[in-house]
Amino acid sequence: MTDFPTLAVMILLPILGAVIVGLVPKRRSELVYPLALVVSFLPLAIVGYVLWEFEVGQPGYQFTERVLWFEPWGVSWNVGVDGISLLLLALTAILFPISIAASRSIEKNQKSYMVAMLLLETGMLGVFVALDLLLFFVFFEITLVPMYLLIGIWGSGNRVYAAVKFFIYTALGSALMLTGIIWLGIISGTFDFTTILDVPLTGDQQGWLFLAFGLAFAVKVPIFPFHTWLPDAHTEAPTAGSVLLAGVLLKLGTYGFVRFNLTLFPDAAVRFAPWLAALAVVGIIYGAAVAIVQPDVKRLVAYSSVSHLGFIILGIFAMTNQGITGGVIQMVNHGLSTGALFLLIGMIYDRRHTREIADYGGLAKVMPVFAGLFLYMAFASAGLPGLNGFIGEFKILLGSYLRFPAAAVLAASGVILAAIYLLWAYERVFTGPIVHKENEKLLDLNAREVLIIAPLVVLILFLGVYPKPALDRIEPAVAEVLERIEAETDFEVPEYGIPENVAGGGE
Amino acid sequence: MENIAFLPIGPEVILLAGAVLVLMSAVALNLGRRDWGVIGGISLIVAFLLSWAQWLRLDSLEVTAELAFSARNVPVPTNPMVVMDRFSAFAGMLIFLVAFLALVGNWRLVPKLGKRGAEYVALVLLAAAGLHMMAISSNLILLFMGLETASIALYVIAGFVRVERNSDESALKYFLLGSFASAIFLYGIALVYAGTGTLTIYGSGGIIDFFATQPVVLFDVGVLLTGIALMIVGLAFKISAAPFHQWAPDVYQGAASGSVALMSAGVKVAGIAALGRILFGAFPSRIDDWAPLIAVLAILSIVVGTIGAIGQRDVKRMLAYSGVAHAGFMLTAMVAGGAGMRSVWFYLATYALQLVGAFTVVSLVSGTRSGASSFDEYVGLWQRSPRLALVMATFMLGMSGMPFFSGFVGKVAVFGSAIDAGYLWLAIAGLVAAVAGLFFYLRIIVLMFFEAPVMAEAPGTAKAAPGLEGGGGLVATICAVLTILFGIIPWPLLNLVRDAVL
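Just so you know, the sequences run in chain order A and B.
Position 426 of the first sequence, counted from 1, bears residue number 417 in the working numbering, the numbering being contiguous throughout.
Take any residue in the second sequence, count from 1 to its spot, add 319: that is its number in the working numbering.
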């Protein structure tokens, strides 16, 4: 490994880009969009390099950088990637150029918009590589401000309410996490994640810390019943905001559960797992059921996120190899497919300025490309075999059946419900005759819009057909987490006897 | 006479000389406003440099503190009045920095005062001298005199510009309640004297010495503890900690916007410094007695300040209530004893800068002379004056404790100290309240950024769009830059304050 601070450069490039974009004078404002787009490709290039150089099967963190910042507090610039963060990093780096490319229709204060986007990118990239608790919290929390501004300034209709609700909900969760982080830092004398792993914690301490961290992540995910901010925020956010909210921001919570709650507090995690699994199942079914009846297509996709994220939580707290691996790959899958759905909805919203399902109908006739892409993404989201969603949900159900059979059975109904709400929405929007005259002259997607969606189409297919490269990277990291849980507690990770035979019967 | 060390009291000498010179210049020397400003500014800068020199001098000394009015060769005189240690040197630097920024940032107020401008500048210098005296006193009576010098100057400043009908009312309220608090403080000193038989903190025969030599049974603990409690109450009034905070919103609102920065930030710094001197300097051995009282004041202030601020429709009143909550945050770290002071210093330094900056923005938006600063004036500020809105947003995010702003590091520091001292419940309550605080900080941002500006109904009544210009713009920008800088690179300041403990 070279000494070049790859990850630091990756994190800082968007900030630098934000400064440059911010300095573009008013009379050259046409430069803002291309400049922001170019800047957002730079972290992607670095992530590409990291993906390339990442040594598969190696346990522990790679590309680590550690610089002690402040000795008395034990705070350091401590970053690194493992298999779990690697894929989320890639997801973030891919979604940002796409979101920025999709934001050309932003007219109001475009420069400030792009600056907010680039600052958001720094925060999100930082969260996934931070290995110092305080550093993690800084990145975790700082993503709030640009997102708050994106929703509040560039959102639609009820944006101020949604923005403030989003901010307060998530900040309340993280306030307790901050207390937990400081407490943990004082107990162990450092905020360094890898050092804290060796600090023995009593069962009580683990329990409280688990709850403090868990609440922050539960709000972020969001786990039922902390989900009420999500439909508002997703619906009112501008297109790129929704894409990033669903694609990346929610994953901060699920990632936090794997990285911190399972790893740092294994004892408490084992104790609380049944509760979280139960809430996850409630979320899966509740989210899906509410999604079915939504008249607003963006709200529908937002509620589908509640359901999908429930799957991820169920997989994680099944605490089996398949479950957690499935959860991690599903984080990526959900980011890709839901992100794409929000992009598509944004494109039709730009044309028709309505999100009501009732205002559409028969669009397949005038916009065949758009209809095809929407159906493709709906299938990916519903977990059609051959597309990426299937891999994740299948592994999650497989893994959770080992630990919570009843939960797995109930959760499986979520797959069917997903097919119902997505395909029913498709039916109402795209099939049948055109009832509204306004829809007759809608233009199909242009080349630029197709180009924006294309990378997601390819990735979804690739992960669906050949997920092995991704799984090869995730599994060693997951195995490490589970080994730690087994070493620290008397919990034994359940495994299937003969995996080949189960593949058919697990679902 | 030759043995007197002037360095510890150098700032007072300079400031009093400056104040006299400004007054004389107005009467006899026929100098203009510009010169008052130059004299006032230079006095504060020199005072700041002298405090800095004290700090540097302490580096070269072997002892951690030097006591003034004493023979050089005798390290600990019998009854030192004034102490020069890193605690007082840091407090001095902070007080003079705040006073300087407050004066320069609101300089536009002085021309509007006409001939009375000289008096105003002189009062600012006197207040700064009094505030500094609170931080350097080793003698409780001298500390009280510093408190009164500063308070009386500020009572006058509070009522100096009669902007509205309620401005007289608020000044009178400040004066009456303030005098009452001073009297309580004085009564506390008397009881401490009754309990310990001394008024001096350090030196032989001082309070420290008393605790070190006297067996506990020989004095009346009840009298002593009552004295300590009354002194805490007196200072809690000055730093506007609940339940002694009611004056703050009215006084801030009633006083001219341009004068509130010093009134709020300067007094908080000196009040906390005096509280630290008394609790950690004089009574560290009674920490188990006073820490619960401080904890109760902290939690009350946090809750009352936060709830009070939520309902406000006026930025100055909102900042007053949020100041109550911030006083609570600082008291939170004081329960940890002397070691907690480093967190308090960091918090205080960064908060004081945010506060001065925020009040400077208020006087840029509403005018330095005006009393009110309704939320309505901030609607759509981003579109009218983007830089001003960004600067104000920086202060709001800083005060709310978002990462990348200095308030976050301050919150980590103070709650870390509280948790370290075993007050986990206080930290949890404080952090939850900090989230509730987001309501009103975010509301300002919502108004500035999310709402379109309302056009003035009648031509002629419309004010020109406020801009980030002149001394005010400079000061607000400096404060905002420091708020971000100490949020990203807090280590230099954290290292500095590590030594400024008792």
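Every residue gets a Cβ at the ideal spot worked out from N, C-alpha and C, and that includes glycine.
task = Could you check the C-alpha separation between Phe158(A) and Pro568(B) for me, to the nearest Å?
result = 27 angstroms
task = With a cut-off of 8 angstroms on the beta carbons, I'd call Ile451(A) and Leu334(A) a contact; round off their distance for me.
result = Going by Cβ atoms, the distance from Ile451(A) to Leu334(A) rounds to 13 angstroms, so no, they are not a contact pair.
query = According to DSSP, is Arg95(A) helix, strand or coil?
reply = coil
message = Buried or exposed for Trp43(A), going by 16 or more other Cβ atoms inside 10 Å?
response = exposed
Residues within the segment 145 to 176 of chain A neighbouring chain B, beta-carbon criterion of under 8 angstroms = Arg150, Val151, Ala154, Val155, Phe158, Ile159, Ala162, Leu163, Ala166, Leu167, Leu169, Thr170, Ile173, Trp174, Gly176
ask   = Where do the N-terminal and C-terminal ends of the beta strand (DSSP E) with Asn59(A) fall, by residue?
value = First, the amino acid is wrong: residue 59(A) is Leu here, not Asn. Run containing Leu59(A): 53 to 61, per the beta strand (DSSP E) assignment.
request  = Check the DSSP bridge columns for Met343(B) and list the partner residues they point to.
outcome  = The partner list for Met343(B) (beta bridge, DSSP) is empty, contrary to what the question assumes.
Residue range of the unbroken alpha helix (DSSP H) whose run includes Gly274(A) = 257 to 283
request  = Note down, in chain order, each residue of its chain lying with its Cβ closer than 6 angstroms to the Cβ of Val272(A), except the 5 sequence neighbours on either side.
outcome  = Ala398, Leu401, Ala402
request  = Over the uninterrupted beta strand (DSSP E) stretch that includes Met403(B), give me the two end residues.
outcome  = 402 to 404
message = In whole angstroms, give me the CA-to-CA distance for Gln49(A) and Val72(A).
response = 11 angstroms
query = chain B partners of Trp60(A), CB-CB under 8 angstroms?
reply = Trp810
request  = Could you tell me whether any Cβ in chain A is nearer than 7 angstroms to the Cβ of Ala746(B)?
outcome  = yes
query = Counting Cβ pairs, one atom from each stretch, are 3 or more of them under 8 angstroms apart for the segment 188 to 196 of chain A and the segment 52 to 64 of chain A?
reply = no
request  = Just the chain B side, please: which residues come within less than 8 angstroms of Val129(A) by C-beta, in chain order?
outcome  = Pro722, Phe723, Phe727
ask   = Buried or exposed: where does Arg762(B) fall if 16 or more other Cβ atoms within 10 Å of its Cβ makes it buried?
value = buried
Gly647(B) - containing alpha helix (DSSP H), residue span = 634 to 653
ask   = Taking the alpha-carbon positions, what's the Thr83(A) to Phe131(A) distance?
value = 14 angstroms
inquiry  = Quick check on Gly71(A): does DSSP put it in helix, strand or coil?
reply    = strand
query = Per DSSP, which one or two residues make a beta bridge with Asp435(A)?
reply = Answer is none; Asp435(A) lacks a bridge partner.
task = Measuring only between beta-carbons, confirm whether Ile133(A) sits less than 7 angstroms from chain B.
result = yes
ask   = Which term fits Thr422(A), buried or exposed, when burial requires 16 or more other beta carbons within 10 angstroms of its beta carbon?
value = exposed
inquiry  = Going by DSSP, what residue range makes up the alpha helix (DSSP H) through Ala748(B)?
reply    = 743 to 764
message = Quick check: Thr311(A) and Leu393(A), are their CB atoms within less than 7 angstroms of each other?
response = yes
query = Does the Cβ of Asp183(A) have 16 or more other Cβ atoms within 10 Å, making it buried, or fewer, making it exposed?
reply = buried
inquiry  = For Gly13(A), would you say it is in contact with chain B, using Cβ-to-Cβ distances shorter than 7 angstroms as the test?
reply    = no
key: Closest Cα partner of Phe201(A) within the set Thr230(A), Ala259(A), Thr161(A), Gly247(A)   = Ala259(A)
ask   = How long is the line joining the alpha carbons of Phe822(B) and Gly659(B), rounded to whole angstroms?
value = Nothing can be reported for residue 822(B), as the shown portion of chain B is limited to 320 through 821.
ask   = Bridge partners of Val66(A), per DSSP?
value = Phe61(A)
key: Nearest-angstrom Cα separation, counted from Val643(B) out to Gly627(B)   = 9 angstroms
query = Can you check whether the CB of Val443(B) is closer than 7 angstroms to the CB of Ile503(B)?
reply = no
Three-state secondary structure (DSSP) of Ser693(B) = strand
query = Per the contact definition of three or more C-beta pairs closer than 8 angstroms, is the segment 289 to 299 of chain A in contact with the segment 408 to 424 of chain A?
reply = yes
query = Using DSSP with H/G/I as helix, E/B as strand and the rest coil, what is Ala390(B)?
reply = Unreliable positioning characterises Ala390(B) in this predicted model, as indicated by a pLDDT of 35, which lies under 50. A coordinate reading is not provided.
Cβ separation of Gln572(B) and Ser489(B), assumed to be a contact under 8 angstroms, to the nearest whole Å = 7 angstroms
From Phe361(A), Ala470(A), His427(A), residue whose alpha carbon lies closest to that of Ile444(A) = Phe361(A)
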